[in-house]
Amino acid sequence: FGAPEPIPPPRAARDKRPGMVTLWPPLATDYDDDSVADPDRAWLPSGQVRMAHQLARQIAAWLAPATALHLPARGRNVAPEDILVLVRNRGEFVQPLVAALHAFGVPVAGADRLRLTEPLAVQDCLALVRFALQPGDDLTCAELLTSPFIGLDHDALYDFAHARPGSLWQRVRGAGGLVAEWLGEVLRLADFSAPYEFLETILSGPLGGRALLLRRLGEEAREAVQAVLAQALAFEIANAPTLQGFLAWMEGQDTDIKRDPDAPLDAVRIMTVHGAKGLQAPVVILADATRGREDRADHVVVALDGTPVPVFHGGKPGKVGAIGAEAEAAAALAMQEHWRLLYVALTRAEDLLFVGGALARGTAKTPAKTPEESWYAVVAKALDGLGGTSEPDAVWATAIVHRACMDGDAALDPPRAARDGTSVMLPAWVRAPAPQEARPPRPLSPSTIAADDIAAPPPSPAMQAAARRGQLLHALFERLPDVVADARAEAAARWLGVQAPDLEDAVRGVLAATALGIVDDPRFAAVFGPDALAEAPIAALVDGVVVAGKVDRLLVEATRVRLIDFKTGSRVPASADAVEPYHLKQMAAYVAALGAIFPGRAVEAALLYTHDATLIGLPPALLAMHRPRLGGAQATLGGSLR
61 FGAPEPIPPP RAARDKRPGM VTLWPPLATD YDDDSVADPD RAWLPSGQVR
111 MAHQLARQIA AWLAPATALH LPARGRNVAP EDILVLVRNR GEFVQPLVAA
161 LHAFGVPVAG ADRLRLTEPL AVQDCLALVR FALQPGDDLT CAELLTSPFI
211 GLDHDALYDF AHARPGSLWQ RVRGAGGLVA EWLGEVLRLA DFSAPYEFLE
261 TILSGPLGGR ALLLRRLGEE AREAVQAVLA QALAFEIANA PTLQGFLAWM
311 EGQDTDIKRD PDAPLDAVRI MTVHGAKGLQ APVVILADAT RGREDRADHV
361 VVALDGTPVP VFHGGKPGKV GAIGAEAEAA AALAMQEHWR LLYVALTRAE
411 DLLFVGGALA RGTAKTPAKT PEESWYAVVA KALDGLGGTS EPDAVWATAI
461 VHRACMDGDA ALDPPRAARD GTSVMLPAWV RAPAPQEARP PRPLSPSTIA
511 ADDIAAPPPS PAMQAAARRG QLLHALFERL PDVVADARAE AAARWLGVQA
561 PDLEDAVRGV LAATALGIVD DPRFAAVFGP DALAEAPIAA LVDGVVVAGK
611 VDRLLVEATR VRLIDFKTGS RVPASADAVE PYHLKQMAAY VAALGAIFPG
661 RAVEAALLYT HDATLIGLPP ALLAMHRPRL GGAQATLGGS LR
């Protein structure tokens, strides 16, 4: 086991408890026949493919009620989460094993770590993005047609696409039907959607992309899909949210998905031996124990004047002298690590340990055999010393088995409830698209109720000057009432000097005199008194619409509410009947809102024209005639948001 000192005699952590070690015969790779190889993975040796399928068949038999694997130390049958498959590395063997487990209906969590762009579900999602960016790409279109989203097999794709006159997408669009509609909706979403919205709408919306992926690829695809969506959100935070940028970002990074090994999951786990450190499982399978230690290092690190320097020897011919000595020392350390990993792998099993693997490809003269330095050879030697017996096996023909304390059951954990295979019936609303969310009404501002009804020419310099004059007067009306009467003139001049230094002294003097004349006028003493409010914000629900705005002066009394709004234009109407209709509509909206805020009190409204200090009261009957139709206004405002 690579220990620097002799290992003390071991002591079982669960002495006198049932356990078993099983050694399956290694599966050979035929040197001249790959007929059993998976056509989609023809580059793999047939022995590895056969090992993947046979191991999946064995696990499926363990989980079947008729041939269930019994855990004598626990007094129950094995469950998927009890099984841990260990491999030396995340090589090409893991993918056919996961595919075989899916084919046999075994729930599998997949590898504990994998490259984000490797899962088929991720590749299918990226194919959606590529197609949206370039629908004329025949290869991408063909990938989508054979993906879980559409579901054509290769024969159907050939019959459909062979001898077409144009691109594959033109052929699909010309044929029409559900496929063309589905892909057409994908293209429509690409015109207006950021990467996350694009993918999430396809996966969770009416197109049902996530359900199609899970139906073909199994529950393992769910985690990969969520990882893609998380990457889309991360991309949008740091970059401009474009599909082209997201695709380049995904293809240019080496992000790994790491599954939490301690997370509860009712599925078979596949992990590397190194990643399984600290974990245990009732049933552990060493699936590729027939491999020897591979020394592929093409360099050593030699200390020159105390500085470590990598020296590339190029292989066995270059391992001479000091370089050869360093290579031998490195090989010895690697061999110790090789045995330490075996110790880790063996001690992950709590109850049952199974060891197997596939041999390398042999030749007619030199058939493949198990390397002497392989884990399989060491376990076989140990079982021989322990008196392991050869027994018939339904899946592997024969197996070498060593049992201990298998006299009867000793339940260490409570028996699980029997699995009856029933599934929960979900209500229809779970899979139905979410209804369109009602858009909240936009608050209605009385000052803009009738703004669209007035033709306003481009402002002339005189109009711009008048508008600024009105703003300054409004500000003075708000501030002067809080100043002592004797100091108002000085305060007005000082404030105008700071806020409008570009105006001539005579213009500032006229503005100050106008403001002081109105504030000091006895007719307006109440609305400019200490009990009145300046620029008072109000909001109320009127006819189902939120009316919100600011009142220039508001005086709330015990039995009435007085409202005054300032108008700074030079056109002063002769009477209330001559007031502009849009001003009447504005004041009617204010009165309606204040009536809702102060029910039972009379609301009096007036307009104060600052040009010549004219106060025009607005009779309630006149305002009632101009009360705006708030329902129509709400509809108009809502429509502007769509």
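Count the sequence shown with our numbering and you get residues 61 to 702, in order.
The C-beta atom is built at its ideal place from N, Cα and C for all residues, glycine as well.
(request) Answer yes or no: do VAL182 and LEU307 have a C-beta to C-beta separation smaller than 8 angstroms? (result) Working through the sequence shown from its first residue, we reach residue 182 at position 122. Working through the sequence shown from its first residue, we reach residue 307 at position 247. It is not a contact, given that the beta carbons lie outside the stated cut-off.
(message) Check for me: the beta strand (DSSP E) holding PRO342 runs from which residue to which?
(response) One-based indexing of the sequence shown puts residue 342 at position 282. Note, PRO342: beta strand (DSSP E), 341-346.
(request) Specify the secondary structure class of SER520 as computed by DSSP and reduced to three states. (result) Position 460 of the sequence shown, counting from 1, holds the residue named residue 520. Under the three-state reduction of DSSP, SER520 is assigned to coil, being neither helix nor strand.
(request) Run the CB neighbour count on MET685, radius 10 Å, all protein chains shown included, and call it buried at 16 or more, exposed below. (result) Position 625 of the sequence shown, counted from the start, is the residue given in the question as residue 685. With fewer than 16 other Cβ atoms within 10 Å, it is exposed.
(request) Would you kindly work out how many angstroms separate the C-alpha atoms of ASP562 and GLY530, rounded to a whole number? (result) In the sequence shown, residue 562 corresponds to position 502, counting from 1. In the sequence shown, residue 530 corresponds to position 470, counting from 1. Counting only the Cα atoms, GLY530 lies some 16 angstroms from ASP562.
(message) Only counting the same chain, and skipping five residues up and downstream in sequence, which positions put a Cβ closer than 6 angstroms to that of GLY416?
(response) Counting from 1 along the sequence shown, the entry for residue 416 is found at position 356. Answer for GLY416: TRP84, listed in chain order.
(request) Alpha carbon to alpha carbon, how far is GLY448 from ARG463? Give it in angstroms, no decimals. (result) The sequence position of residue 463 within the sequence shown is 403, counting from 1. The sequence position of residue 448 within the sequence shown is 388, counting from 1. Answer to the nearest angstrom: the Cα atoms are 8 angstroms apart.
(request) Just confirm the distance between the C-beta atoms of ARG77 and PRO342, as a whole number of angstroms; I'd bet it's less than 8 angstroms. (result) Taking the first residue of the sequence shown as position 1, residue 77 is located at position 17. Taking the first residue of the sequence shown as position 1, residue 342 is located at position 282. About 12 angstroms; that fails the 8 angstroms criterion.
(request) Hey, could you find the ends of the alpha helix (DSSP H) SER264 is sitting in? (result) Counting from 1 along the sequence shown, the entry for residue 264 is found at position 204. Here the alpha helix (DSSP H) through SER264 covers 255-264.
(message) Please state whether the Cβ-Cβ distance between LEU533 and ALA552 is less than 8 angstroms.
(response) As a position in the sequence shown, residue 533 is number 473, starting the count at 1. As a position in the sequence shown, residue 552 is number 492, starting the count at 1. No, they are not a contact pair.
(message) Taking DSSP's pairing of strands, which residues face HIS130 in a bridge?
(response) Your numbering for residue 130 matches position 70 in the sequence shown. HIS130 is bridged to ASN137.
(message) Contact defined as beta carbons within less than 8 angstroms: I believe ASP612 pairs with PHE626. What is the distance between those atoms, to the nearest angstrom?
(response) In the sequence shown, counting from the first residue as 1, residue 612 sits at position 552. In the sequence shown, counting from the first residue as 1, residue 626 sits at position 566. Contact flag correct, Cβ pair sits at about 5 angstroms.
(request) Indicate whether GLU280 and ALA254 have their beta-carbon atoms separated by less than 8 angstroms. (result) Stepping through the sequence shown from its first residue, residue 280 is reached at position 220. Stepping through the sequence shown from its first residue, residue 254 is reached at position 194. Result no, Cβ atoms of GLU280 and ALA254 do not sit closer than 8 angstroms.
(request) Sort out for me which residues DSSP pairs HIS462 with in a bridge. (result) Numbered from 1 along the sequence shown, position 402 holds the residue referred to as residue 462. Its beta-bridge partners are VAL81.
(request) Using beta-carbon positions only, say whether ALA160 and ALA88 come within less than 8 angstroms of one another. (result) If you number the sequence shown from 1, residue 160 lands on position 100. If you number the sequence shown from 1, residue 88 lands on position 28. No, the pair does not count as a contact, with Cβ atoms beyond the cut-off.
(message) Measuring alpha carbon to alpha carbon, tell me which residue in THR206, ARG275, LEU176 is nearest GLN286.
(response) The sequence position of residue 286 within the sequence shown is 226, counting from 1. Per the C-alpha coordinates, the member of THR206, ARG275, LEU176 positioned closest to GLN286 is LEU176.
(message) I'd like to know if ILE262 contacts chain C, where contact means its C-beta is closer than 8 angstroms to some C-beta of that chain.
(response) Chain labels in this structure do not include chain C; a single protein chain is all it has.
(request) Pull up the distance between the alpha-carbon of GLY165 and that of ALA290, whole angstroms please. (result) Reading the sequence shown from its first residue, position 105 is the one you call residue 165. Reading the sequence shown from its first residue, position 230 is the one you call residue 290. Each residue's alpha carbon lies about 29 angstroms from the other.
(message) Less than 7 angstroms between C-beta atoms, sequence neighbours within five positions excluded: which residues of the same chain meet that for PRO452?
(response) By 1-based counting over the sequence shown, the position of residue 452 is 392. Taken in chain order, the residues that qualify are THR458.
(message) Which of the three DSSP states is assigned to GLU595 in this structure?
(response) Within the sequence shown, the letter at position 535 stands for residue 595. Note: GLU595 maps to strand in three-state DSSP.
(message) Looking at the secondary structure, which residues open and close the alpha helix (DSSP H) in which VAL579 lies?
(response) Taking the first residue of the sequence shown as 1, we reach residue 579 at position 519. The continuous alpha helix (DSSP H) containing VAL579 extends over residues 565-579.
(message) What does the alpha-carbon distance come out to for the pair GLY445 and ALA284?
(response) As a first step, residue 445 must be located in the sequence shown, where it is residue number 385. As a first step, residue 284 must be located in the sequence shown, where it is residue number 224. One C-alpha to the other measures close to 46 angstroms.
(message) I need the straight-line Cα distance from ARG351 to THR82, nearest angstrom please.
(response) For the purposes of this step, residue 351 is taken as the residue at position 291 of the sequence shown. For the purposes of this step, residue 82 is taken as the residue at position 22 of the sequence shown. Rounded to the nearest angstrom, the two C-alpha atoms are 18 angstroms apart.
(request) Compare the beta carbon distance of TYR256 and LEU293 with 8 angstroms and say whether it is the shorter of the two. (result) Stepping through the sequence shown from its first residue, residue 256 is reached at position 196. Stepping through the sequence shown from its first residue, residue 293 is reached at position 233. Contact flag set, yes.
(request) State yes or no: is the C-beta of LEU157 within less than 8 angstroms of the C-beta of ILE330? (result) Counted from its first residue, the sequence shown places residue 157 at position 97. Counted from its first residue, the sequence shown places residue 330 at position 270. Contact annotation: LEU157 and ILE330 have beta-carbon atoms nearer than 8 angstroms.
(request) Could you tell me if HIS643 is buried or exposed, where buried requires 16 or more neighbouring beta carbons within 10 angstroms of its beta carbon? (result) Residue numbering aside, residue 643 sits at position 583 when the sequence shown is read from its first letter. That one is buried.
(message) Am I right that GLU664 and LEU623 are in contact with their C-beta atoms under 8 angstroms? What's the rounded C-beta distance?
(response) Working through the sequence shown from its first residue, we reach residue 664 at position 604. Working through the sequence shown from its first residue, we reach residue 623 at position 563. The Cβ separation is near 7 angstroms, so the contact holds.
(request) Return yes when the Cβ of LEU683 is within less than 8 angstroms of the Cβ of VAL639, no when it is not. (result) Here residue 639 refers to the residue found at position 579 of the sequence shown. Here residue 683 refers to the residue found at position 623 of the sequence shown. No, the pair does not count as a contact, with Cβ atoms beyond the cut-off.
(message) At the level of alpha carbons, what is the spacing between VAL621 and PRO641?
(response) As a first step, residue 621 must be located in the sequence shown, where it is residue number 561. As a first step, residue 641 must be located in the sequence shown, where it is residue number 581. Taking the straight line joining both Cα atoms gives about 23 angstroms.
(message) Within 10 Å of its beta-carbon, does TYR669 have 16 or more other beta-carbons around it, so buried, or fewer, so exposed?
(response) Taking the sequence shown and counting its residues from 1, the one referred to as residue 669 is at position 609. By the neighbour-count rule (16 or more Cβ atoms within 10 Å), TYR669 is buried.
(request) Provide the residue span of the beta strand (DSSP E) that contains THR707, from first to last. (result) In the structure displayed, the chain extends from 61 to 702; residue 707 sits before or after that span and is not available.
(request) Provide the residue span of the alpha helix (DSSP H) that contains LYS610, from first to last. (result) Residue numbering aside, residue 610 sits at position 550 when the sequence shown is read from its first letter. Residue range 605-616 is occupied by the beta strand (DSSP E) that includes LYS610, with no alpha helix (DSSP H) assigned at that position.
(request) Note the first and the last residue of the continuous alpha helix (DSSP H) segment covering ARG190. (result) Translated into the one-based positions of the sequence shown, residue 190 becomes position 130. Going by DSSP, ARG190 is part of the alpha helix (DSSP H) stretching over 180-193.
(request) In angstroms with no decimal places, state the Cα-to-Cα distance between ASP93 and PRO195. (result) In the sequence shown, residue 93 corresponds to position 33, counting from 1. In the sequence shown, residue 195 corresponds to position 135, counting from 1. Any reading at ASP93 must be qualified, since the residue scores a pLDDT of 43, below 50, and its modelled position is unreliable; no value is offered.
(message) Please report the straight-line C-alpha distance between LEU129 and TRP242, rounded to a whole angstrom.
(response) As a working mapping, residue 129 is identified with position 69 in the sequence shown. As a working mapping, residue 242 is identified with position 182 in the sequence shown. When rounded, the separation of the alpha-carbon atoms in LEU129 and TRP242 is 45 angstroms.
(request) To the nearest angstrom, report how far apart VAL558 and GLU538 are at their CA atoms. (result) Position 498 of the sequence shown, counted from the first residue, corresponds to residue 558. Position 478 of the sequence shown, counted from the first residue, corresponds to residue 538. Here the alpha carbon of VAL558 sits roughly 16 angstroms from the alpha carbon of GLU538.
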